[in-house]
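Counting in the UniProt record's numbering, the final residue of the sequence shown is number 846, and the numbers go up one at a time with none missing.
Here a beta-carbon is modelled for each residue, glycine too, at the ideal position from N, C-alpha and C.
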Amino acid sequence: MKHSALVLSVVIASVIITAAGADWSSSFLINCGSDSNVTVDGRRWTGDMLPADATNVTLTSVGFPANTSAYRGDSALAPLYSTARVFTASSNYTVKLAKADYFLRLHFYPFVVGSYSPNQSEFGVVANGLNLLSEFNVSDSILRKTSKSGNSSSDAYLVKEYYLGVDSDVLVIDFIPSKGSFGFVNAIEIIMVTSSLFKDSVPKVGGKGESNFVERSRRGMETMYRLDVGGSAIKPGMDSDLRRSWELDISYMVTANAGIAISNNTAVTYASDTDTSVAPLLVYQTARTMSNTEVLEKRFNMSWKFEVDPDFEYLIRMHFCELESTKANQRDFRIYINNRTAADNFDIFERAGGANIAYHQDYLDEVSSQINDLYIQLGPETTTGAAETDAILNGLEIFKISGHGNLAYLRKFPQTGHSTLSSSMKLKLWVGIGVGIASVAVLGAVASVFFCLHTRRREKAEGTKKRSPRWKPFSHHGSNVNMVAYARESTGTQNHNGSMTTNRTGKRFTLAEIRAATNNFDESLVIGVGGFGKVYKGEIEDGTLAAIKRAHPESQQGAAEFETEIEMLSKLRHRHLVCMTGFCEEQNEMILVYEYMANGTLRSHLFGSDLPPLTWRQRIEACIGAARGLHYLHTGADRGVIHRDVKTTNILLDENFVAKMADFGLSKTGPSLDHTHVSTAVKGSFGYLDPEYFRRQQLTEKSDVYSFGVVLFEVVCARTVINPSLPRDQINLAEWALRWQRERSLESIIDPHLKDSYSAESMIKFGEVAEKCLADEGRNRPTMGEVLWHLEYVLQLQDAWLRSNNTSDNSFSGIKEDKQSAGSIDGDARTDPKKSDEPSSSGSKC
């Protein structure tokens, strides 16, 4: 069916939109799903449900309007993001406009409307035949964009920006829901570009000559990134008439302290031949320069890393302004893009024609289908006689260039008349798919029959009992199961908590014993609830208190966690790991019995309960205990163990506030010697997820280090890691705290309960440790042994401050400190669990 026929068949209404007070030749601002005009950021946005009184914009297949009162982000944007237009069938906005170049911005803020959840939304967008989005899910995109730790927020919005050349007198924006799904949009912004933003020719990276660019750019580009380097975020109202947003660059830096921010807020001007619309002066008034050009023999670079779509060509625009040098040949440096030289002997003073003059340089580069990262690096030019060889950068933009009428990563052309497949080709394709599926099904059935017959014969031959279909038990005969465990050698020689040299017997409880211990699973004894199931406080046969974790019998996820928990804790014993004393496997029950941790979770002592807050020293000690447990996990076995769910609710405190790691249901054995990572599906807790693991699905020990860095900030700030009720820049604790830490102002956001009770030096060092743990790339993070060493030093600084001030601290004066306790920073004890983790009276009794 032709596109025109489809449009006619689905027309429900024609809505004529006006833009009172707006210049139709330059901008169109549409507030979707609204019947009124709203003023946002000084501009009037026109509702798409207003009565027809002009002929500039029409909407076909109106779908239905939606609204919400849940938006709690930037209050200025609330009118735009409180309404939306929802499409359950193909529809389009048709805009009558002049032939010109335009910025098209689509605004999305996902919220639930009745039975329509944005998580299930999937749609495509096509503008004048250019495929912008395919099978697009807004929530997924926000999850990837708004948090480098893999976290999303219901209050996060998304703006997709495109640069389009319109050669006709209309711009048709099609919204095409995927089959069985729906699409939506909150606002549409169309801004005419009256200036020449792009040059006729642009050099290619790697010395491949130049490319005629203007015509290609008019075919369509998507803005991937726009950064104010070394400065502050620039909001649309602070830009030119183009109303662009510029974000901070610090979160994209590979090494944050590789560059320092500088500024000149008075003397910066545009060159006489420079179009002032290229970027606002605010971009050129700030910059980032190399921190120390003498480091590593002048071989280090300032580096930024960006996630991009593979198999596209990109325009990289760099904004420069010399803010320090006063003459030519004072500062020369090199520019690298994806590890290839884009320019050498780069002298901004000479290129711009002086100091404090705005200048920009564009480059073209192709990203292959095997790469999804784009690196921008600026480094010293050591081959010249320049007085300074450090680099400087003021701003950065990255645009994805359309290829073959497509900007969407999935490369699928929705059914709006733009499809490139004929009906016969589609029929052949589906027939081929059907035949393939049928073949696989037949082969699968044959394989299943063979497997079942083979299994039955083997079980009959071995006399194997029939097992539960829900999970594979670990015990076989008798009332006990042998488990590899820690044991100190009888000779008295040191054999630390983490050794795995002897066997010990672990209790296999009967269900009757468990019921007796928990008063038949009395709900009043529930002390915790997690993804695995409920945790009860119980008293086992010898009067010992225990924590009894019971899984739901039908839980498939619980079965996997149950197996992993037994497997891991059967071979791990350490005073900073919660001890498993036994388990029960009767009547399809999955029950684990642990030592009872009298003081519960670390989180409960930070916020969300009526418990008294921990002192600063107690918090440091808790972090040291958890670090010791994790360090043992990473180093105490041949291949190590990656916890994969490090968070404050999985750090438990015993009666003496000794911290122990718990919950090993998601743990993974580390990579073998010939591998650097474990490839596995992403699992963990939002707010704590390692962004590198989230992006690549490659798990390493450094993934635990990242999560532990979030724990450190949670300990010092005493707030949840994700709080959607806060302003947008504060929702994610890791990002928010990291910004304050990088400004060396962490003390501004610490828990008020800590006021006047801590050493400023210890707090500074603590913040530095957390910052290092949260490096975007695992290779730039410390090991847990290094983290442990530094935290012990933090404790030493706090203890010295307490002594010098004659200050009382409950944990300092009330708990006996031994040589291998949390305060030790002696020699090898800093990194060797064999020396730093001797059993003590407060250790596990397992």
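Coarse secondary structure for residue i, derived from DSSP in three states
i, result
"R695", "helix"
"A127", "strand"
"G584", "Reading the sequence as shown, one finds Cys at residue 584 and not Gly. The answer is strand: DSSP assigns C584 an E or B state."
"S725", "coil"
"Y793", "helix"
"H476", "Low per-residue confidence applies at H476: pLDDT is 31, beneath 50, and the placement is therefore not dependable, though the value from the model is reported in the following sentence. Correct three-state label for H476: coil."
"T276", "coil"
"M302", "strand"
"T783", "coil"
"L689", "coil"
"G237", "helix"
"V159", "strand"
"K537", "strand"
"E747", "helix"
"N186", "coil"
"P110", "coil"
"Y409", "coil"
"G395", "strand"
"G165", "strand"
"V138", "helix"
"K145", "helix"
"T649", "helix"
"A800", "helix"
Residue burial classification, residue i (beta-carbon count within 10 angstroms, cutoff 16)
i, result
"R317", "buried"
"G207", "exposed"
"S201", "exposed"
"R288", "buried"
"V593", "buried"
"T39", "exposed"
"I273", "According to the sequence as given, residue 273 is Asp; it is not Ile. Exposed, because fewer than 16 other Cβ atoms sit within 10 Å of the Cβ of D273."
"D690", "buried"
"C584", "buried"
"N212", "exposed"
"E701", "buried"
"S368", "exposed"
"D751", "buried"
"K755", "exposed"
Proximity below 8 Å, CB of residue i to CB of residue j
i, j, result
"T649", "K668", "no"
"D362", "K145", "no"
"F108", "V138", "yes"
"R219", "S402", "yes"
"L374", "I335", "no"
"G767", "L788", "no"
"L614", "M661", "no"
"H576", "Y536", "no"
"I188", "Y102", "no"
"T94", "V172", "yes"
"K99", "S26", "no"
"R550", "G533", "yes"
Terminal residues of the beta strand (DSSP E) in which residue i lies
i, result
"I620", "Not the beta strand (DSSP E): I620 falls in the alpha helix (DSSP H), residues W616 to T635."
"S211", "E210 to N212"
"V283", "Element bounds for V283: not the beta strand (DSSP E) but the alpha helix (DSSP H), L281 to Y284."
"R226", "M221 to D228"
"N598", "Per the sequence presented here, residue 598 reads as Ala, with Asn not at that position. A598 -> no beta strand (DSSP E), and no H or E assigned at all."
"A261", "G259 to S263"
"L171", "V170 to P177"
"L738", "L738 -> not in any beta strand (DSSP E); alpha helix (DSSP H) instead, spanning L733 to R742."
"M661", "A659 to M661"
"S201", "S201 to P203"
"G528", "V526 to V529"
"I250", "I250 -> no beta strand (DSSP E), and no H or E assigned at all."
Heavy atom of the ligand NAD within 7 Å of residue i beta-carbon
i, result
"G405", "As far as ligands go, the structure on display features none, and thus does not contain the ligand NAD."
Where the alpha helix (DSSP H) through residue i begins and ends
i, result
"S703", "E701 to C717"
"G767", "A760 to C773"
"L592", "No alpha helix (DSSP H) holds L592; the beta strand (DSSP E) holding it covers I591 to E595."
"R550", "Where R550 is concerned, there is no enclosing alpha helix (DSSP H), although the beta strand (DSSP E) it sits in stretches over L545 to A551."
"I514", "L511 to A517"
(message) What ranges does the beta strand (DSSP E) occupy inside the stretch 22-108, keeping only unbroken runs of at least 3 residues that lie completely in it?
(response) Runs found: 27-31, 38-40, 43-47, 57-59, 64-67, 83-87, 91-96 and 100-108.
(request) Just list the beta strand (DSSP E) runs in the stretch 313-383, keeping only unbroken ones of 3 residues or longer that don't cross its boundaries, in chain order. (result) As far as the stretch 313-383 is concerned, its whole beta strand (DSSP E) runs of at least 3 residues are 333-337, 340-346, 357-367 and 373-380.
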